Structure formats: C-alpha cells, structure tokens
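*Asks:* If you count the sequence shown from 1, you need to add 413 to reach our numbering.
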Amino acid sequence: MIVAKYRARRRHARLMEIAEHLVRQASAEAEKVTCAQLAAVVFGRYQLRVEEAEAADFLAAALVEGGYSIDHLQAVRDQKKKEQ
414 MIVAKYRARR
424 RHARLMEIAE
434 HLVRQASAEA
444 EKVTCAQLAA
454 VVFGRYQLRV
464 EEAEAADFLA
474 AALVEGGYSI
484 DHLQAVRDQK
494 KKEQ
C-alpha cells in the first residue's frame, strides 16, 4: 500500500514537471502545447504511457498555474457541451 502511494505521487510529480516545463518552454505560445506532446515527452523520459484524458488534465493544470486559458483544450470544450 505504501509503495503504491509512493509510485502514484512520483508519477503525478513527473507528469506535472513535464507539463509545466512544456508550458514554460512555449512561453508566448503555451496554449499551443498539445496532449500528444506531453504524452510523447513523458514516454521518452520516463517510459510512462499516458492516455489523452490524463494528459489533458495535467496540461490544463500547468496552463492554469501559468496564467493561461484552457478553453482551447478539447476536453474542456467537451465538458462544456455536456453541461449545456
């Protein structure tokens, strides 16, 4: 149980680190960072598979932390359609 929690925290930290890095690196064009880019870098660095929905969550968190809008993300648009 303790090992599973540790692994989950480490995975979360790694995904957030990559998402924040991509947003910072893109700076003025941060809203053009895609879920596919995040998934590719995460796999390349840590050999972790990330589904698009999970990548969207981490990317959205990094964008919001950086002061950017998340309205352009497909997952956000889909959620807004469901709420209407």
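Cβ coordinates follow ideal geometry from the N, Cα and C atoms, glycine included. Values in this document were obtained by computation on a predicted structure and should not be read as measured data.
Leaving out five residues before and five after Ala468 in sequence, what residues of the same chain have Cβ atoms less than 6 Å from its Cβ?
*Replies:* Here residue 468 refers to the residue found at position 55 of the sequence shown. Closer than 6 Å at Cβ, skipping near neighbours: Cys448, Leu451 and Ala452.
*Asks:* Is the distance from the Cβ of Val436 to the Cβ of Leu472 below 9 Å?
*Replies:* As a working note, residue 436 is residue 23 in the sequence shown. As a working note, residue 472 is residue 59 in the sequence shown. Contact: yes.
*Asks:* Helix, strand or coil: which one does DSSP assign to Ala470?
*Replies:* Walking along the sequence shown from the start, residue 470 turns up at place 57. The question names Ala, but residue 470 is Asp in the sequence shown. Helix, per DSSP.
*Asks:* Within the continuous alpha helix (DSSP H) that includes Ile415, where are the two ends?
*Replies:* Taking the sequence shown and counting its residues from 1, the one referred to as residue 415 is at position 2. Where Ile415 is concerned, the enclosing alpha helix (DSSP H) stretches over Ile415 to Ala439.
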